[in-house]
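A.B. asks:
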Amino acid sequence: MKKITLLLPIFLSFLFSSCEEVIDLELEESEPRLVIEASILWFKGDPGTDQTIRLSETSPFYDDELNPVETAVVKITSETGDIFDFTYTEDGTYRNNNFDAKLNASYELTIEYEGQSYKATEKLIPVTNLEFVEQTESGGFSGEDIEIKAYYKDPAETEDYYLFKFFEEDVNLEIYEDEFTNGNQIFGYFSNEDIEVNDIIEIEMQGISKRYYEYLFILRSQVGSNDGGPFETMPATVKGNIVNQTNPSDFPFGYFRLSEVDSTTYIVE
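Residue 681 in this note's numbering is what sits at position 111 of the sequence shown, and the numbering runs on without skipping anything.
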């Protein structure tokens, strides 16, 4: 099992905000790029009909405000030809309330915006079940921190990739692949020195594609331990799977993917 951890709290928390002197550098500004957050999530036990896609544009270097996109045409087409239109609501969010989720089915995302056409195709990746959660006190560098392990049985007949999300004060993300654990019982892991008794931790396990796993792996190597989300302004160029059909060199940031999700809530003892 390979594990990559991504810590994703609020973006751009400046470490030296108390400095007395502010120096503005004259940096060359690039043209804004479209940022696409298109994660279609189907939670076990839920019909999966309500889905959202968020669109924004990149900002100049010194501007940490979001630039929501309000005028795009957004739709997803299933492999059987069903079309699911996403309607703009607010803050760059587009919604659909009749999405038909089918495991292992292919879906195509299409976005039309300012004369540009963006497309991507992905399958809805299934995920196995979470079995139980275990708590110990041997985590962290001290070996005494509370650690949480969410166990699952990896299917032996398939090559599988997982994204774990642990929601506490921040969001801790880990990605796994089953090269060395195929068919075994294994766990997603979370430890934080600030975890306390009675803390509530929301746990999600998502099935992801190999391509999305590799995308997150590259993203992790780019951002290191810096603060920020995977769809905010990048320290370096990380291309997703969405292609600008009109002008390929003007590629967007972000990713289109579809995942089945199993989730649970754990109260720290």
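Note that the Cβ used here is the ideal one computed from N, Cα and C, for glycine as well.
Let me know the secondary structure DSSP gives L611 once reduced to three states.
C.D. replies: Here L611 sits in strand by DSSP.
A.B. asks: Would you decide whether Y721 is buried or exposed? Buried here means 16 or more other CB atoms lie within 10 Å of its CB.
C.D. replies: The residue in question, Y721, is exposed, as its Cβ has fewer than 16 Cβ neighbours within 10 Å.
A.B. asks: Secondary structure at S600, three-state DSSP: helix, strand or coil?
C.D. replies: S600 falls in the coil class under three-state DSSP.
A.B. asks: Using CA atoms only, rank isn't needed, just tell me which of I765, I606, S833, I771 is closest to G777.
C.D. replies: For G777, the nearest C-alpha among the options comes from S833.
A.B. asks: Taking the C-alpha atoms as reference points, what is the distance between V808 and S687?
C.D. replies: For V808 and S687, the distance between alpha carbons rounds to 20 Å.
A.B. asks: Going by DSSP in three states, S779 sits in which element: helix, strand or coil?
C.D. replies: Coil.
A.B. asks: Tell me the DSSP bridge mates of G824?
C.D. replies: In DSSP, G824 forms a bridge with I606.
A.B. asks: At what residues does the beta strand (DSSP E) containing F810 begin and finish?
C.D. replies: Note on identity: in this sequence residue 810 is Gly, with Phe being the wrong assignment. It is not in any beta strand (DSSP E) - G810 carries neither H nor E in the DSSP assignment.
A.B. asks: Can you give the beta carbon distance from Y825 to I812, rounded, assuming they're within the 8 Å contact cut?
C.D. replies: At roughly 7 Å, the Cβ-Cβ gap stays under 8 Å, so Y825 and I812 are in contact.
A.B. asks: Please identify the residue among K645, T628, V644 whose C-alpha is closest to the C-alpha of N637.
C.D. replies: Checking every option, the nearest Cα to that of N637 belongs to T628.
A.B. asks: If you draw a straight line from the alpha carbon of S829 to that of S708, how long is it in whole angstroms?
C.D. replies: Straight-line Cα distance between these residues: approximately 32 Å.
A.B. asks: Could you name each continuous beta strand (DSSP E) segment of 3 residues or more that falls completely within the stretch 645-727, going from the start of the chain to the end?
C.D. replies: Fully enclosed beta strand (DSSP E) runs of 3 or longer: 653-658, 663-666, 676-683, 686-695, 700-709, 715-723.
A.B. asks: Using 8 Å as the cut-off, can you tell me whether the stretch 649-663 makes contact with the stretch 781-791, which would need three or more C-beta pairs spanning the two stretches below that distance?
C.D. replies: Touching, no, given that fewer than three Cβ pairs across the two stretches are closer than 8 Å.
A.B. asks: For R624, list the residues DSSP reports as bridge partners.
C.D. replies: Its beta-bridge partners are E607, T663.
A.B. asks: Does the distance from the CB of I771 to the CB of E738 come in under 7 Å?
C.D. replies: The answer is yes: Cβ separation under 7 Å.
A.B. asks: Considering Cα atoms alone, identify which of G618, F654, Q755 is closest to E678.
C.D. replies: Ranking the options by Cα distance to E678, first place goes to F654.
A.B. asks: Just to check my reading of the structure: K672 and T698 have Cβ atoms closer than 8 Å, yes? What is that Cβ distance to the nearest angstrom?
C.D. replies: Not a contact, Cβ separation roughly 18 Å.
A.B. asks: With a threshold of 16 other CB atoms inside 10 Å of the CB of G651, please say whether the residue is buried or exposed.
C.D. replies: Exposed, by the Cβ-count rule.
A.B. asks: For the beta strand (DSSP E) containing Q755, name the first residue and the last one.
C.D. replies: Per DSSP, Q755 belongs to the beta strand (DSSP E) from 755-761.
A.B. asks: Of all the options N667, R603, F821, I765, which has the alpha carbon lying nearest to the alpha carbon of D616?
C.D. replies: Checking every option, the nearest Cα to that of D616 belongs to N667.
A.B. asks: Which class does F737 belong to by DSSP, given the choice of helix, strand or coil?
C.D. replies: Strand at F737.
A.B. asks: How is L636 classed by DSSP in three states: helix, strand or coil?
C.D. replies: Here L636 sits in coil by DSSP.
A.B. asks: So for S791, helix, strand or coil by DSSP?
C.D. replies: Three-state result, S791: helix.
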